[in-house]
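Student: Below you'll find the structure I mean.
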Amino acid sequence: MARRLTADTPLVVASHNKGKIREIRELLNFYGLSLKEAEELDLPEPIEDGDTFEANAKIKALAAATATGLPALADDSGFAVDALDGDPGIYSARWAGPDKDFGMAMRNVEEKLQQKGVIEPSQRGARFVAVLCLAWPDGHCDLFRGEVEGTCVWPPRGDKGFGYDPVFVPEGFDITFGEMDSEQKHGWKPGQEEALSHRSRAFILFSKACLAS
Numbered sequence: 059m060a061r062r063l064t065a066d067t068p069l070v071v072a073s074h075n076k077g078k079i080r081e082i083r084e085l086l087n088f089y090g091l092s093l094k095e096a097e098e099l100d101l102p103e104p105i106e107d108g109d110t111f112e113a114n115a116k117i118k119a120l121a122a123a124t125a126t127g128l129p130a131l132a133d134d135s136g137f138a139v140d141a142l143d144g145d146p147g148i149y150s151a152r153w154a155g156p157d158k159d160f161g162m163a164m165r166n167v168e169e170k171l172q173q174k175g176v177i178e179p180s181q182r183g184a185r186f187v188a189v190l191c192l193a194w195p196d197g198h199c200d201l202f203r204g205e206v207e208g209t210c211v212w213p214p215r216g217d218k219g220f221g222y223d224p225v226f227v228p229e230g231f232d233i234t235f236g237e238m239d240s241e242q243k244h245g246w247k248p249g250q251e252e253a254l255s256h257r258s259r260a261f262i263l264f265s266k267a268c269l270a271s
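Okay, structure coming up:
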């Protein structure tokens with residue numbers, strides 16, 4: 059059974075990615091938790107050598123929980139393109155290189171699609187995946203997965219969001235995540251049963267299991 063957090067329990071956001079931290083803070087804001095970021099606690103970035111989103115989320119959350127003695131929430135997420143056999147997938151951040159150049163990463167995706175002759179939107183199915191892991195200092199972990207389907211587009215559109223957002227149009231929309239403000243991208247508020255983004259879909263499952271309403 060998943061363990062629940064209370065408002066008086068500090069929670070470590072086990073990420074060094076500013077975009078992820080911002081979105082997690084936005085999603086958690088309603089619950090009044092005391093949040094601490096990995097950077098302010100001088101936590102190093104652990105080696106993510108898992109072969110699934112779940113494994114890497116667990117690595118990050120457990121490392122932070124063990125180091126601080128506090129519960130820790132980690133996110134592992136990525137952009138998966140059908141015509142590239144799911145790449146970049148769990149390697150989404152690595153495609154951006156050590157400088158986190160996601161402009162380069164998006165160009166790499168497009169170049170590989172062009173090399174395969176994948177031009178038509180109907181051939182460019184893609185999805186974002188996010189897995190949240192809540193870990194406790196004793197090693198207990200709970201995992202929650204969210205996905206959103208859509209299309210990989212080119213050229214990039216919009217300067218909102220982060221990562222691969224400017225080249226992803228979710229199903230049912232004609233604008234990219236990069237063109238949406240955070241409220242539209244999340245597509246969720248406390249009490250709602252549906253959401254749009256992969257992270258907010260995972261968050262709904264996490265909030266039901268682990269957060270007091």
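Residue numbering for the sequence shown follows the working numbering, beginning at 59 and increasing consecutively.
Beta carbons: idealized from backbone N, C-alpha and C, even for Gly.
Because the structure is a prediction, the values reported are computed rather than measured.
1) Near residue 209, which residues of its chain fall below 7 angstroms by C-beta distance, leaving aside the five closest residues on each side in sequence?
2) Put residue 106 into one of helix, strand or coil per three-state DSSP.
3) Quick one: using the 10 Å Cβ neighbour count with 16 as the cut-off for buried, is residue 229 buried or exposed?
4) Report yes if the CB atom of residue 70 is closer than 8 angstroms to the CB atom of residue 82, and no otherwise.
5) Kindly indicate the opening and closing residues of the alpha helix (DSSP H) around residue 112.
6) Using the Cα positions of residue 190 and residue 93, report the straight-line distance between them to the nearest angstrom.
7) Which same chain residues, not among the five before or five after residue 116, have their C-beta less than 8 angstroms away from its C-beta?
8) Note down the Cα distance separating residue 101 from residue 76, rounded to an integer number of angstroms.
9) Any contact between the stretch 154–174 and the stretch 119–129? By contact I mean 3 or more CB pairs, one from each, below 8 angstroms.
10) For residue 67, does the count of other Cβ atoms within 10 angstroms reach 16, so buried, or fall short, so exposed?
11) Can you give me the start and stop residues for the alpha helix (DSSP H) that residue 171 sits inside?
12) Which of helix, strand or coil does DSSP assign to residue 157?
13) I'd like the span of the beta strand (DSSP E) that includes residue 77, first residue to last.
14) If you follow the beta strand (DSSP E) that residue 95 is in, where does it begin and where does it stop?
15) Going by C-alpha to C-alpha distance, which of 244, 246, 251 and 186 sits closest to residue 139?
16) Would you list the residues sitting across from residue 203 in a DSSP beta bridge?
17) Measuring alpha carbon to alpha carbon, tell me which residue in 137, 85 and 106 is nearest residue 207.
Tutor: From the atom records:
1) 179, 182, 183, 184 and 227, listed in sequence order.
2) Coil, per DSSP.
3) By the beta-carbon neighbour count (other beta carbons within 10 angstroms, threshold 16), residue 229 is exposed.
4) In this structure, residue 70 sits away from residue 82, with a CB-CB distance that is not shorter than 8 angstroms.
5) Looking at the DSSP string, the run of the alpha helix (DSSP H) that includes residue 112 is 111–126.
6) The C-alpha of residue 190 lies about 16 angstroms from the C-alpha of residue 93.
7) So the qualifying residues of the chain are 108, 132, 191, 193, 199 and 201.
8) A straight line joining the alpha-carbon of residue 101 with that of residue 76 spans about 15 angstroms.
9) Below 8 angstroms, too few C-beta pairs join the stretch 154–174 and the stretch 119–129 to call them touching: fewer than three.
10) By the C-beta density criterion, residue 67 is exposed, having fewer than 16 other C-beta atoms within 10 angstroms.
11) Element bounds for residue 171: 160–173.
12) Residue state, collapsed to three classes: coil.
13) Counting along the chain, residue 77 sits inside no beta strand (DSSP E); it lies in the alpha helix (DSSP H) bounded by residues 76–86.
14) Residues 93–95.
15) Nearest option by C-alpha distance: 186.
16) Answer by DSSP bridge pairing, in chain order: 189.
17) When only C-alpha atoms are compared, the closest one is 137.
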